[in-house]
Amino acid sequence: MTQKLIGVAPSRRAVLKGAGAGLLAAGFAAPVWAQAAPVKLGFQLHRTGIGAAYGRWYERTAQAALKVVNDAGGINGRPVEIVFEDDGTDPKRGAEVVEKLTSQHNCDLIFGPLFSHVVIGSAPRAGELKVPYLVCSEGFHVAGGMLNRWTMQPGITDVRAQVSSMAPWVLANLGKKVTMVFPDYAFGHDHRDFFTAAVEAGGGEVIAQIAVPPTETSFTRYLPQIPRETEVLYHVMVGPAVLTFVKELGEFYGTGAKPQIFGFIDSLEAVDIASPGLEFLEGTHFWEGHCRAQQADASEHEIAYRAAVGVDANGASVSDAKDVSTYAHMFSVWETLHIIKAGMEASRYQGTADRQKFVEAVEAMTDMPESLAHVQGDKVFNGKTHQVFGHQFISKVEGGKLVKVHTTSIEDSMYADAVDYTTQSF
Amino acid sequence: MSFGPFLLLAVLEGTVMAAVLALTAVGLSLVFGVMRVVNVAHGEFYMLGAVIAWFVTYYLPFPPALVWLAALIIAPLIVALIAALTDTLVLKRLNYDPEATIVATIGLLYMLQQAALTFYGPDARPVVAPFEWRIQLPWFGYSGYKLFVVVAAVVILAAVWLFMTRSKAGLVMRATQVDRDTAQAFGINVDRVYAGTFALGGALAAAAAVLIVPIQQAHYLMGHDPLLLSFIVVIIGGLGSIRGTLVAALVIGLSDGIISMFFSPTLAKIIATLLVALVLVFRPQGLFGAKA
């Protein structure tokens, strides 16, 4: 059998012609592309430092949401791109990242930071630069009036709303005498203040408050401070040592008598609930912002979201079952990106000169019904306080899985406005 | 919880801390005593030990006990190798000049930390304990593994003690510590002694980390606290004095355990730091250090 390979190879002339044609085509195409310059979104990411586990999943969620938005035609017909910048979960670097994304990368706006001390450290810079700053932070500092007109939290509910809506259920089902263990910084202080207030309003009593530095690596020494008469142990912990915290809690109580345990899933985000040493969690309860394990009544939107981000029914990565997600929080990134799209389209956003119009468009939002844009559930946005309100879930560990046992209503989580940002000047 | 059990738990926690601290600090103290090098990167050797332990336990297909034992051998060996290389390639070329070596080890600290961040990642990852055994006391439960950590640390420290006092290599090291020039005149290869000492210091830090990593998790920033505490211990005990280091580790570990449980962990740190200041003012050579 013979093959005439020589005849198939392109001649030099053909190659040159082809290259020339390509150059011409590119030359003509360029102006067309320039008209649809991409919308550039800055993402302040906790890629390293104590928030790294969240950062890893926030980046994945943002990429998945970006793909969905771009596949549907982008924003105002323009493609969207995201510039990720690591802030090391450090407030000082956070402010620098805000500066860099705004001044060097010329991003239209910034979103994504979670840790409250970083948000509180960075938001003033965003206000000075007059760049919209959409945080996914949970803290009460947005709705509490501490920040500014440019800072908004439309993608996740705040701690005050979360704890006050769940306190009645905890008091009715678990017990009245509560001991709290929480991280000793802004986020933990919100838990301390608002849960204590909600418990007292509900006829219960917080008998001890145990503050733990968020960089702590050993916890047994704090546990004897839990009073013996405690009926409910309320725990919320963050940082790289959360697994140690829960493990040592288990060792401390061992097989002996223990109180009812109600935890924020933050204490176990990115940690496999079936890890050795966590067996004692069986039968305890957790708050979840979004149920890690796929529930029987999961909506089609939630299932689509789970698949898009690459999370399996147990809440771990589809490519690595040991890589557990920060599922209870990361929906906020997905929803925030969709709100950015809605806000930019409502304000016919063209460029950085329209930043103020964008903020006003988001402030005008109210009802956000459950959809592919709002996969966690229905929400109501309060434009005056820049804060969104939504449902909270309480799950019970059954057979090593988190099973939803209670959903709070949006009304349960509402409180009187503490600030009206719309009266502040831009 | 009533006073008795409370104190018992505080002492248990303090002892675990003292044991691990002693291992880490003895490494630092040895390096200073023999080489007169203040190794600021010592905490990163500790961190590397934990990170390597994670790689070993994650990738070797043995049961937990065996794989952990493998980590206890492999991690200190690799860290020792890195330390020996650092000594020959960096510290030796600086002629062990005190200021230069401090700056060089600060540089090393960042290089090791960033290398861990690049190749291992920013996450805290758990290492399975060699065994799961919980002691249930009437008042509280306690991890049996933590008690094992104390025993293992004591065994390793005893081995180091024997090595320093009974073996020829230990004798050579002590001779170099007393007078480097005379030792060299007697035909001791000082370069090898220095490389060996730096390697041993790193290996001890790594061994401490392998012991602790099933309790805490391996994380690229975990070297900071042990470094600080080791310095506190070594300064109080007297730079270069192994006995002083052990005593100081016990004092700091126990007082930290007890004070942080009865009062607050922050107060424990304040008192430890205050102790350092007092020692520096009234007895600059440390409790057991020889007068310079």
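Protein chains in written order, with the working numbering: chain D, 15 to 440; chain Z, 3 to 294. Even glycine gets a Cβ: it sits at the ideal position worked out from N, Cα and C. If you're wondering where the values come from, they're calculated on a predicted model, not measured in any experiment.
- Taking a C-beta distance under 8 Å as the contact criterion, L80 (chain D) and L351 (chain D) qualify as a contact pair.
- Among the residues of chain Z, those whose CB is under 7 Å from the CB of F266 (chain D) are F142 and G143, following chain order.
- By the Cβ-count criterion, P140 (chain Z) is exposed, with fewer than 16 other Cβ atoms from all chains shown falling within 10 Å of its own Cβ.
- The alpha carbon of V256 (chain D) has as its nearest neighbour, out of D:Q239, D:E230, D:R320 and D:I275, the alpha carbon of D:E230.
- In the structure shown, Y147 (chain D) adopts extended strand secondary structure according to DSSP, grouped into three states.
- Residue-level contact by beta carbon holds for G270 (chain D) and chain Z, with a gap shorter than 8 Å.
- The contact set of S289 (chain D) on chain Z, defined by CB atoms closer than 8 Å, consists of P128 in chain order.
- Rounded to the nearest angstrom, the Cβ distance from T244 (chain D) to I224 (chain D) is 11 Å, too far for a contact under 8 Å.
- Take L14 (chain Z), set aside five residues on each side of it, and the residues of its chain with a beta-carbon closer than 8 Å to its own are Y144, K148, L149 and G259, in chain order.
- From the beta-carbon of P254 (chain D), the residues of chain Z found nearer than 7 Å are A126, Q219 and H221.
- Residue-level contact check: A67 (chain D) touches chain Z, since one or more beta carbons of chain Z fall below 8 Å from its beta carbon.
- The way I'd put it, the segment 296-310 of chain D doesn't touch the segment 54-68 of chain D; fewer than three beta-carbon pairs between them come closer than 8 Å.
- For Q308 (chain D), there is no enclosing beta strand (DSSP E), as DSSP gives it neither H nor E.
- When secondary structure is reduced to three states using DSSP, G277 (chain D) falls in the strand class.
- Leaving aside the five residues that flank A43 (chain Z) on each side, the residues in its chain whose CB is nearer than 7 Å to its CB run, in chain order, T107, L110, L111 and L114.
- Within the segment 229-250 of chain D, the residues whose Cβ lies closer than 9 Å to any Cβ of chain Z are, in chain order, T229, E230, T231, S232, T234, R235, Y236, L237, P238, Q239, I240, P241 and R242.
- Residue pairing by DSSP places P197 (chain D) opposite D:V226 in a beta bridge.
- Secondary structure of Q438 (chain D) (DSSP, three-state): coil.
- The beta carbon of V92 (chain Z) sits closer than 6 Å to the beta carbons of A106 from its chain, once the five residues preceding and following it are set aside; these are given in chain order.
- The closest CA to that of T258 (chain D), considering only D:P228, D:L115 and D:Q309, is found on D:P228.
- L269 (chain Z) is positioned such that its CB atom lies no closer than 8 Å to that of I237 (chain Z).
- For F372 (chain D), the three-state secondary structure derived from DSSP is helix.
- Cα atoms of A77 (chain Z) and M224 (chain Z): separation of roughly 16 Å, rounded to the nearest angstrom.
- When DSSP reads this structure, G143 (chain Z) sits in a beta bridge with Z:Q138.
- 8 Å or more divides the Cβ of R320 (chain D) from the Cβ of A342 (chain D).
- Within the same chain, T340 come within 6 Å of E283 (chain D) by CB-CB distance, once the 5 residues on both sides are set aside.
- Under the three-state reduction of DSSP, E412 (chain D) is assigned to strand.
- Inclusion of P228 (chain Z) and T26 (chain Z) in the CB contact set at 8 Å is warranted, their separation being smaller than that value.
- For the pair H221 (chain Z) and G45 (chain Z), the CB atoms are not nearer than the 8 Å cut-off.
- Taking every protein chain shown into account, the CB of G357 (chain D) has 16 or more other CB atoms within 10 angstroms, so this residue is buried.
- In the structure shown, the three-state DSSP call for H299 (chain D) is strand.
- Interface criterion met: the Cβ of L257 (chain D) is under 8 Å from a Cβ in chain Z.
- Each of Z:A24, Z:L32 and Z:L83 was checked against the Cα of A155 (chain Z), and the nearest Cα belongs to Z:A24.
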